[in-house]
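Input: a single structure, listed below in structure tokens.
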């Protein structure tokens with residue numbers, strides 16, 4: 001009899017999340033009911049926001065309970081279907097969690113259940129066409145509202161979201177400056193992703209370099225990091241600029257809350273705005289983004305980078321890669337290959 | 001020969017501003033040129049933002065130079081006119097600065113030069129119909145966008161701006177909660193200004209009391225204070241709420257920059273916005289506000305409180321009242337009475 005391997009949330013993290021927060025378990029493969037399908041997870045998505053789901057505080061999603069499989073987005077394959085619209089062999093996107101098998105129905109869970117469009121690989125579905133790609137698209141265009149000729153500054157620029165933000169901003173006629181960690185990431189951003197300038201926060205003075213690379217200041221700051229980088233950025237904002245608050249990875253694993261920027265009054269003197277958003281609100285509009293992004297990828301105008309790990313046993317350690325800056329591009333882990341039906 | 005008494009900026013402040021930052025001087029009364037008028041200041045306006053004009057840093061207005069009269073809004077009387085639209089005896093609003101006399105022309109200086117509407121007293125012109133009233137009106141309505149039934153939270157609620165914000169919010173059908181210092185101010189807000197609830201930050205736990213008095217959380221936070229009060233407020237924001245960043249008086253006289261709120265990620269999880277503004281941008285639309293505010297004052301629906309000091313020698317000490325919370329309502333100082341012509 002086949003088993004369902006799982007990584008359960010064992011202990012809520014204080015400080016840096018690591019393998020010690022999870023516990024391996026084996027359970028029977030679940031059985032779908034009427035209207036449900038049984039999905040075998042093939043690829044798991046790793047996203048900075050997962051750290052927020054592990055703490056027992058109200059958020060935009062309920063916390064994962066102790067003893068439950070860790071919540072995660074996934075692409076899998078239907079292995080049993082009691083729903084008319086899904087067939088065995090279909091590749092689907094869902095919230096599969098850290099386990100081999102999940103029973104799910106359309107509309108269930110934060111991501112629901114949807115078939116991959118023809119020609120879209122699991123890697124593409126979980127990156128540039130997935131949550132991180134949509135986050136980049138709607139965050140930049142809806143909240144950032146970049147106009148041609150404006151300067152767009154991006155923190156976490158080599159991440160799955162940041163790198164897409166920068167390339168879309170370029171396509172919209174903006175000057176694009178990215179902040180990333182390490183020369184390899186910075187080189188990729190400038191040479192492959194076409195950023196106009198890059199700041200290596202591990203080796204450069206971020207505040208001084210923002211001034212240097214944004215001679216006309218910035219109009220949009222897409223912030224994935226928070227902390228001192230947000231404070232540095234606020235020193236160089238333009239009149240009527242927009243801060244798109246996407247994430248604050250600098251603080252996710254802090255033991256004590258990180259102080260916020262001491263210069264928020266810059267928003268006043270510069271008549272500027274800071275706004276947060278959650279991509280789940282935009283899922284009903286996903287088709288708009290997918291259409292544009294698929295065209296840009298097909299034409300070679302939008303490049304993306306996948307950091308692919310393998311092996312069920314490496315799931316907990318792979319999550320930590322996001323918070324130590326080890327991942328280069330969208331962090332995925334492959335559990336299994338699809339099978340032909 | 002008559003002299004022009006002045007208080008000049010003598011030394012830029014570090015920490016709390018006080019009389020030691022200014023120097024008394026006497027100069028000849030200035031002479032107006034073609035198109036200019038000579039105004040004798042009667043009432044000076046004191047505004048928290050003046051502290052920002054004293055430091056040598058870029059802001060929304062250039063810093064006051066050392067040796068110049070301190071910049072201040074004023075109401076005065078025309079004593080000599082070389083401009084067709086102004087006559088001797090006219091009461092006018094302008095940026096008169098800390099001195100007896102100023103030469104000015106329409107369109108000059110941040111406030112220009114404008115005649116008081118008929119029936120409007122200098123005190124009213126410099127409070128509810130002046131910069132602080134307009135700040136309340138446009139900040140609340142344009143940025144805060146309160147809807148009937150929503151909860152509006154206000155810091156610095158007994159101040160010249162905050163008290164008007166709360167009363168306009170009530171007129172718009174909102175539940176209004178104010179944060180102010182001391183029982184006298186709190187009592188006035190509840191009994192006279194009609195606030196639904198008041199939190200005395202000097203004697204109560206602000207974070208706990210916001211939770212208590214905003215059982216449905218808040219939808220608009222009009223912030224004049226910043227610092228820990230902003231952080232406390234962010235713990236209780238609603239989905240899609242708006243922070244109107246008006247000022248940050250808690251930090252204006254700090255020797256070291258105050259840390260910002262550690263919980264800015266609440267803006268993300270709650271899809272919320274924080275936005276700053278400068279009232280000078282709204283002066284072209286002032287008539288909209290003045291029309292509404294005059295009607296509300298006339299009908300008794302909008303009350304305002306003036307803290308009137310007297311005496312040229314007390315000008316520097318009066319500024320400090322703003323930052324120590326001594327002022328109760330709009331801080332003004334009378335230099336002279338108008339004369340009949």
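Protein chains in written order, with our numbering: chain A, 1 to 341; chain B, 1 to 341.
All C-beta atoms in this analysis are idealised placements derived from N, C-alpha and C, irrespective of residue type, glycine included.
Being a predicted model, the structure only gives us computed values, none of them experimental.
Between the alpha carbons of residue 60(A) and residue 35(A) lies a gap of roughly 27 Å. Two segments are said to touch when three or more pairs of C-beta atoms, one from each, lie closer than 8 Å; by this definition the segment 112–130 of chain B touches the segment 303–311 of chain B. Within the segment 264–291 of chain B, the residues whose Cβ lies closer than 9 Å to any Cβ of chain A are, in chain order, 264, 265, 266, 267, 268, 269, 270, 271, 272, 273, 274, 275, 276, 277, 278, 281. Among the bridge pairs identified by DSSP, residue 23(A) is matched with 8(A). Spanning the alpha carbons of residue 168(A) and residue 273(B) requires a straight line of approximately 23 Å. Under the Cβ distance rule, residue 261(A) counts among the residues neighbouring chain B, one pair being separated by less than 8 Å. Taking 8 Å as the CB threshold, residue 59(A) lines the interface with chain B.
The beta-carbon of residue 140(A) is placed no less than 8 Å from the nearest beta-carbon of chain B. Residue burial annotation: residue 341(B) is exposed, with fewer than 16 other C-beta atoms found within 10 angstroms of its C-beta. Three or more Cβ pairs closer than 8 Å define a contact, and the segment 202–216 of chain A falls short of that threshold against the segment 135–146 of chain A.
By the CB criterion at 8 Å, residue 322(B) and residue 46(B) fall inside the cutoff. Straight-line spacing of the CA atoms in residue 156(A) and residue 332(B) works out to 49 Å.
Residue 110(A) is outside the set of residues whose beta carbon lies under 8 Å from a beta carbon in chain B.
Cβ proximity to chain B below 9 Å picks out 226, 230 from the segment 216–230 of chain A.
For residue 292(A), the uninterrupted alpha helix (DSSP H) run begins and ends at 286–298, by DSSP.
Listed along chain A are 262, 263, each with a C-beta nearer than 8 Å to that of residue 257(B). Annotation for residue 154(B): the continuous beta strand (DSSP E) segment containing it runs 151–155.
Secondary structure at residue 14(B): coil, using DSSP grouped into helix, strand and coil. Contact between the segment 151–166 of chain A and the segment 191–201 of chain A is present, with at least three C-beta pairs closer than 8 Å. Contact annotation, residue 111(A) with residue 73(A): C-beta distance approximately 6 Å; criterion of less than 8 Å satisfied.
Between residue 268(A) and residue 278(B), the beta carbon gap of about 7 Å places them in contact (Cβ cut-off 8 Å).
CA-to-CA, the gap between residue 233(B) and residue 224(A) works out to about 23 Å.
Apart from sequence neighbours up to five positions away, the residues of its chain that approach residue 88(A) with a beta-carbon distance below 8 Å are 78, 79, 80, 81, 341, ordered along the chain. Residues of the segment 234–255 of chain A with a C-beta less than 8 Å from any C-beta of chain B: 245, 246, 247, 248, 251, listed in chain order.
Non-local C-beta neighbours of residue 102(A) in its own chain, meaning closer than 6 Å and more than five positions away in sequence, comprise 39, 96, ordered along the chain.
Residue 255(A) sits in coil when the DSSP states are folded into three classes, being neither helix nor strand. Setting aside the 5 residues that flank it on each side, residue 5(B) is surrounded in the same chain by 26, 99, 100, 312, each with a C-beta closer than 7 Å to its C-beta; the list follows chain order.
For residue 77(B), the enclosing beta strand (DSSP E) stretches over residues 74–81.
Judged by their CB atoms, residue 116(B) and residue 105(B) are not nearer to each other than the 8 Å cut-off. At a cut-off of 4 residues, the continuous stretches assigned as alpha helix (DSSP H) that sit fully inside the segment 150–220 of chain A are 162–171, 183–191, 206–213. Ranked by Cα distance from residue 180(A), the options 250(A), 288(A), 302(A) are led by 250(A). For residue 319(B), the enclosing alpha helix (DSSP H) covers residues 315–323. By the Cβ neighbour-count rule, residue 176(A) is buried, with 16 or more other Cβ atoms within 10 Å of its own. Nearest in C-alpha terms to residue 338(A), of all of 8(A), 295(A), 41(A), 324(A), is 41(A).
In the DSSP annotation of this structure, residue 145(B) is not part of any beta strand (DSSP E), being labelled neither H nor E.
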